[in-house]
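Everything on this sheet refers to the single structure shown next.
Protein chains in written order, with our numbering: chain F, 188 to 299; chain V, 21 to 136.
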């Protein structure tokens, strides 16, 4: 069954610290992997889209990595800010149809 | 810069009532979709459309109808509301129909529906 699992479910860190969020997927065949940021009460916003051939992709203080062999991705946040408090969702598009498979998200709380 | 606009933002219904959630986008996107988001779960696709006049079912289509008469609008109809349809609903659109590597999804702000 195609699944996307994220860990941890929630994470609390101090402002200025770094953190890494994990995503494991069983989707096969694989087309692309996305990370979204969802602020409380808002719609998700795309951070990055990675294809099979991309190992690392950065968007400001956010860096996503992808290991298609082990079916793992991570999102690293550098020098966290209070505005980084949000849910971060990993999403995988398989190669067989147009649909996306969504993880349940990691809730990140940044404390001052 | 309107993007994807959803209305209403909040709605309370009684069991058995019907209603329509509106979604409009001004980016000339061919692909539009409706998701529901429930606590502790990933977003689940209800219906999607790859162009005017074309709609298809997603993962959880039962109890919902859609139509796509124009590129801009993609309303979601609840035929006879049930408490299990209490959720947050998101409309999303994309330039790329197949959601490939350039198929970024743009989301509306959500519609929070409570069915009593």
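Backbone N, C-alpha and C fix where the C-beta goes; we use that ideal spot for every residue, glycine too.
Note that the structure is predicted; figures quoted are calculated from it, not measured.
Contact with chain F by residue i, beta-carbon distance below 8 Å
| i | result |
| --- | --- |
| residue 121/V | yes |
| residue 61/V | yes |
| residue 125/V | yes |
| residue 73/V | no |
| residue 94/V | no |
| residue 30/V | no |
| residue 50/V | no |
| residue 83/V | no |
| residue 36/V | no |
Close beta carbons around residue i, own chain, < 6 Å, minus the five adjacent residues each side
| i | result |
| --- | --- |
| residue 97/V | 40 and 85 |
| residue 115/V | 49 |
| residue 27/V | 42 |
| residue 250/F | 263 |
| residue 136/V | 34 |
Chain V within 8 Å of residue i, Cβ atoms only
| i | result |
| --- | --- |
| residue 251/F | no |
| residue 287/F | yes |
| residue 273/F | no |
| residue 219/F | yes |
| residue 290/F | yes |
| residue 279/F | no |
| residue 233/F | yes |
| residue 236/F | yes |
Within chain F, partners of residue i - CB distance below 7 Å
| i | result |
| --- | --- |
| residue 65/V | 286 |
Neighbouring residues, chain F, relative to residue i (Cβ below 8 Å)
| i | result |
| --- | --- |
| residue 130/V | 228, 229 and 230 |
Per DSSP, the bridge partner or partners of residue i
| i | result |
| --- | --- |
| residue 281/F | 217/F |
| residue 238/F | 219/F |
| residue 275/F | 224/F and 293/F |
| residue 133/V | 31/V and 107/V |
| residue 250/F | 245/F and 263/F |
| residue 87/V | DSSP lists no partner for residue 87/V. |
| residue 192/F | 211/F |
| residue 93/V | 44/V |
Own chain residues within Cβ distance below 8 Å of residue i, not counting five before or after
| i | result |
| --- | --- |
| residue 200/F | 206, 267, 295, 296, 297 and 298 |
Residue i: contacting residues in chain V (beta-carbon distance under 9 Å)
| i | result |
| --- | --- |
| residue 214/F | Those do not exist, as residue 214/F stays about 12 Å from chain V at its closest Cβ, beyond 9 Å. |
Residues near residue i by beta carbon distance below 7 Å, same chain, minus five either side
| i | result |
| --- | --- |
| residue 255/F | 217 and 239 |
| residue 100/V | 36 and 38 |
Legend entry - Inter-stretch contact at 8 Å, needing at least 3 Cβ pairs: the segment 124 to 132 of chain V / the segment 71 to 83 of chain V: As far as the Cβ criterion goes, the segment 124 to 132 of chain V does not touch the segment 71 to 83 of chain V, which means the pair count is below three.
Inset, instruction - Assess, as a yes-or-no matter, whether the segment 205 to 216 of chain F is touched by the segment 257 to 269 of chain F under the definition of 3 or more beta carbon pairs within less than 8 Å. - result: Enough Cβ pairs lie closer than 8 Å, so yes.
Legend entry - Given 8 Å, three or more beta-carbon pairs between the segment 220 to 240 of chain F and the segment 272 to 292 of chain F: Yes, they touch.
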